[in-house]
Amino acid sequence: MLNIVLFGPPGAGKGTQSDKLISKYDLQHISTGDLFRKHLGEGTDLGKLAQKFMDEGNLVPDEVVIGMVDEKIKAHPNVKGFIFDGFPRTVKQAEALDELMNKKNTPITIMLALEVPDEELKKRLVSRGATSGRADDQDINKIENRIQVYKSETIPVADYYKQQNKFVGVNGVGAINEIFEALSKEIDAKA
Ligand code: ADP
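So this is what it looks like as structure tokens:
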């Protein structure tokens, strides 16, 4: 199995590159942001719980996220692999993911980290906010808070995978296809 953690700050292009990697490698997408937005749209209890965190650009509590991912993994027992997008975002989530994948005997293959400078991220998120309808993309304070939360809570997740020799950084600035080629090259070298 090929199990990828696609990592990077908000606005790094994880969603865009996920779509392309899913088609190329036939993977099951697990995007916690998309899953929360789906719950929000359907007005489920989980959606209501997540909303107040998401609206401020804060992280939804670990137990909630981990439970949701566990369920999603179990719903796809026969896939060729998973691509985790926007998860894990804390070391606790990374540890929980290792436990879930080890139980299945299918560990994480690689963490691909898209590297993009802050100024470029802000520009991208503001312009996405003009069309995405996402409340968290429409307020510069919320955007800055998400980047801050990324630095304080999520960056340590990269160290977690570095210790396992699974971390690979890729430049996330440039043409979408060039970035995709760079990611594919790293996957092919590791798989
Ligand atoms: P972005 O990467 O653009 O900030 P996402 O779509 O990945 O957006 O996530 C949107 C929001 O959903 C986050 O700001 C956070 O509130 C919540 N969220 C998504 N994934 C996680 C996660 N793994 N842990 C905690 N909260 C999460």
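In terms of the numbering used here, the sequence shown opens at residue -3 and continues consecutively.
Where is the CB? At the ideal position from N, CA and C, for every residue including glycine.
- Here V56 carries a coil assignment [DSSP, helix/strand/coil].
- Measuring C-alpha to C-alpha distances from N(-1) to each of P103, K44 and Q160 identifies P103 as the nearest.
- Looking at the DSSP output, V166 shares a beta bridge with L110.
- Not one heavy atom of the ligand ADP sits closer than 7 Å to the Cβ of M107.
- For V164, the CB contacts under 8 Å within the same chain, skipping 5 residues up- and downstream, are I106, M107, L108, A109, E182 and K186 in chain order.
- Excluding five sequence positions before and after G9, the CB atoms of its chain that fall closer than 6 Å to its own CB belong to L110 and G168, given in chain order.
- Per the C-alpha coordinates, the member of S148, L42, K118 and D66 positioned closest to L96 is D66.
- Going by beta carbons, A46 and L36 fall inside the 8 Å limit.
- Three or more Cβ pairs closer than 8 Å define a contact, and the region 25 to 36 falls short of that threshold against the region 136 to 143.
- Around the beta carbon of Q159, a 10 Å sphere encloses fewer than 16 other beta carbons of the protein chains shown; the residue is thus reported as exposed.
- For D132 against T86, the beta-carbon gap comes to about 18 Å, at or over 8 Å, which does not count as contact.
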